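Going by numbering that gives the first Met the number 0, the residue at position 246 of the sequence shown is 245; the numbering climbs one at a time, nothing skipped.
Ideal Cβ placement from N, Cα and C applies to all residues, glycine included.
Since the model is a prediction, treat every value here as computed from it, not as a measurement.
All remarks here apply to the structure that follows.
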Amino acid sequence: MSPASRYTFLGPEGTFTEAALRTLPEAATRELVPMVSVAAALDAVRAGEAAGALVPIENSVEGGVTATLDELAAGEPLMIYREVLLPIAFALLVRPGTRLDEVKTVTGHPVAQPQVRKWLARELPNAQWESAASNADGARLVREGRYDAAFAGEFAASTYGLDVLVGDIHDAENAMTRFVLAGRPARPPAPTGADKTSVVMWLREDHPGALLELLQEYASRGVSMMRIESRPTGEGIGRYCFSVDCEGHIQDRRIADVLTGLKRACRTVRFLGSYPRADEVRPTLRPGTADEDFTAATDWVLRCMDGRG
Numbered sequence: 000m001s002p003a004s005r006y007t008f009l010g011p012e013g014t015f016t017e018a019a020l021r022t023l024p025e026a027a028t029r030e031l032v033p034m035v036s037v038a039a040a041l042d043a044v045r046a047g048e049a050a051g052a053l054v055p056i057e058n059s060v061e062g063g064v065t066a067t068l069d070e071l072a073a074g075e076p077l078m079i080y081r082e083v084l085l086p087i088a089f090a091l092l093v094r095p096g097t098r099l100d101e102v103k104t105v106t107g108h109p110v111a112q113p114q115v116r117k118w119l120a121r122e123l124p125n126a127q128w129e130s131a132a133s134n135a136d137g138a139r140l141v142r143e144g145r146y147d148a149a150f151a152g153e154f155a156a157s158t159y160g161l162d163v164l165v166g167d168i169h170d171a172e173n174a175m176t177r178f179v180l181a182g183r184p185a186r187p188p189a190p191t192g193a194d195k196t197s198v199v200m201w202l203r204e205d206h207p208g209a210l211l212e213l214l215q216e217y218a219s220r221g222v223s224m225m226r227i228e229s230r231p232t233g234e235g236i237g238r239y240c241f242s243v244d245c246e247g248h249i250q251d252r253r254i255a256d257v258l259t260g261l262k263r264a265c266r267t268v269r270f271l272g273s274y275p276r277a278d279e280v281r282p283t284l285r286p287g288t289a290d291e292d293f294t295a296a297t298d299w300v301l302r303c304m305d306g307r308g
């Protein structure tokens, strides 16, 4: 298949990312290519070798996936076009015949560890944890004999010839991971009424209240922020950029107004896209923040300029 028909994802085969990607209807007609890391999946898109990459960006237990946040903030710009929410429960995968009391070493993706920490402390208090590039890669390492067990999706067991020793493991009920489909910059999808807009912003200068000033760009227009995380810029201790998701679409007047304000106030703003919310929840607009309110206010200012206010 051509690169236009190819999607990459955090591999290898059998990851939660692959499971999330396969929930998209278009995945049935695409070549799905596993990559060794989030960076490799996104770089394939930047290089024109794939039309999109699905990568994890946020977990309801651990928060943001820093590898993805950093990759989207740096390098050649990419945009988010879709998001997927996937319920997460882990299985303890072992080589056939392995008993629970024989498990001395376990592995999995670093984001998995906080989601099974209490279970580990209770059931395998002496087991040593080692991180893997992905949960499915941990399963591969178990198959090769590097570790005794891996935390991965139950669906990965058959791929790697392993047994499910314990299933449905999770410390938090209703744990979710959010994934995003990133592609090269283009026109955002049309607004649906239940959308999300993502940006990364860098302060123009560090002074008392600098971040508050940026947050007020959202608050003054009645826009709810759904996620905000700081990430080091690499420019020195205490230098951070801020990754933000908010409700709404760039074609909404209140969101366009927020972005205009951020562009004026920040050293740099990277627009990561406006795209449909996976949960399809529509925002509740505060009085004075609907598109018609912005239009009426602009018309009033024009009338004032003409002496007709």
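Buried versus exposed call for residue i [16 or more other C-beta atoms within 10 Å across all chains shown]
i, result
"residue 303", "exposed"
"residue 236", "exposed"
"residue 176", "buried"
"residue 1", "exposed"
"residue 156", "buried"
"residue 14", "buried"
"residue 16", "buried"
"residue 143", "exposed"
"residue 24", "exposed"
"residue 305", "exposed"
"residue 206", "exposed"
"residue 204", "exposed"
"residue 321", "Outside the modelled stretch of the chain, which goes from 0 to 308, sits residue 321, for which no answer is possible."
"residue 300", "exposed"
Reference residue i; option with closest CA among the options
i, options, result
"residue 194", "121, 118, 81 and 237", "81"
"residue 188", "142, 204 and 249", "249"
"residue 219", "284, 6 and 62", "284"
"residue 130", "122, 119, 143 and 111", "111"
"residue 162", "277, 180 and 154", "154"
"residue 256", "267, 215 and 276", "215"
"residue 121", "58, 100, 140 and 141", "100"
"residue 269", "168, 280, 275 and 240", "240"
"residue 286", "261, 221 and 234", "221"
"residue 281", "264, 233, 132 and 223", "223"
"residue 226", "103, 246 and 265", "246"
"residue 209", "265, 115, 27 and 123", "265"
"residue 132", "233, 108, 300 and 228", "108"
"residue 276", "113, 92 and 178", "178"
"residue 123", "164, 94 and 140", "164"
"residue 113", "141, 168 and 158", "168"
"residue 115", "69, 60 and 36", "60"
"residue 55", "9, 31 and 69", "9"
Cβ-Cβ distance between residue i and residue j below 8 Å
i, j, result
"residue 4", "residue 21", "no"
"residue 34", "residue 43", "yes"
"residue 40", "residue 85", "no"
"residue 151", "residue 90", "yes"
"residue 149", "residue 106", "yes"
"residue 200", "residue 211", "no"
"residue 103", "residue 147", "yes"
Check: residue i C-beta below 7 Å from any heavy atom of the ligand NAD
i, result
"residue 293", "Ligands are entirely absent from the displayed structure, and the ligand NAD is therefore not among its contents."
Fully enclosed by the region 38 to 105, which alpha helix (DSSP H) runs are 4 residues long or longer?
Whole alpha helix (DSSP H) segments, 4+ residues: 65 to 72.
Pairing CB atoms from the region 250 to 258 with CB atoms from the region 289 to 308, are three or more of them under 8 Å?
They touch, by the three-pair rule.
Under 8 Å: do the region 57 to 71 and the region 135 to 142 share three or more Cβ pairs, one atom per stretch?
In short, these stretches do not touch, since the Cβ pair count stays below three.
Evaluate contact between the region 164 to 184 and the region 70 to 80, counting only Cβ atoms and requiring at least three cross-stretch pairs below 8 Å.
Using a Cβ-Cβ distance cut-off of 8 Å, the region 164 to 184 and the region 70 to 80 are in contact, since at least three pairs of beta carbons, one from each stretch, lie closer than that value.
Mind pulling the beta strand (DSSP E) runs of 3 or more residues that sit fully within the region 138 to 191?
Correct list: 148 to 151, 162 to 168 and 175 to 182.
Unbroken beta strand (DSSP E) runs of length 3 or more, entirely within the region 255 to 306: which are they?
Runs of the beta strand (DSSP E) inside the region 255 to 306: 265 to 275.
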